[in-house]
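This report refers to the structure that appears directly beneath it.
Residue numbers (the working numbering): 2 to 119.
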């Protein structure tokens, strides 16, 4: 059975809420602002900026082109073997700097090996 609630026990709306002004947390205001922008975009009222995801790299293909096992590749290029395994299995993705490093390894592994020896 539902318990009857005394209406005087319920919180009253603040004057700011009744007047139509938005009052709340910074997160709440940010969410409302973002959703308002999305709605305006859907209606064709505004053009939102776009974000291009960084280029992907296929770590397994890069490693295989070197002819090295995961462990040897990791040692040769100073990478964590478990991390290389996770990248190859798609469980993790290298960050932007590592993707750039892997691209250099792919294009000129001898130069990277030489640089790491110095």
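Don't be surprised by glycine CBs; every beta carbon is placed ideally from N, CA and C.
Here the alpha carbons of residue 90 and residue 107 stand approximately 19 Å from one another. For residue 44, the number of other beta carbons within 10 angstroms of its own is below 16, and it is reported as exposed. Straight-line spacing of the CA atoms in residue 68 and residue 49 works out to 45 Å.
Between residue 74 and residue 64, the CB-CB gap stays under 7 Å. The distance from the Cβ of residue 99 to that of residue 105 is about 11 Å, inconsistent with a contact at the 8 Å cut-off.
In this structure, residue 71 sits away from residue 87, with a CB-CB distance that is not shorter than 7 Å.
Assigned with DSSP and collapsed to three states, residue 98 falls in helix.
Between residue 62 and residue 52, the alpha-carbon positions lie close to 27 Å from each other.
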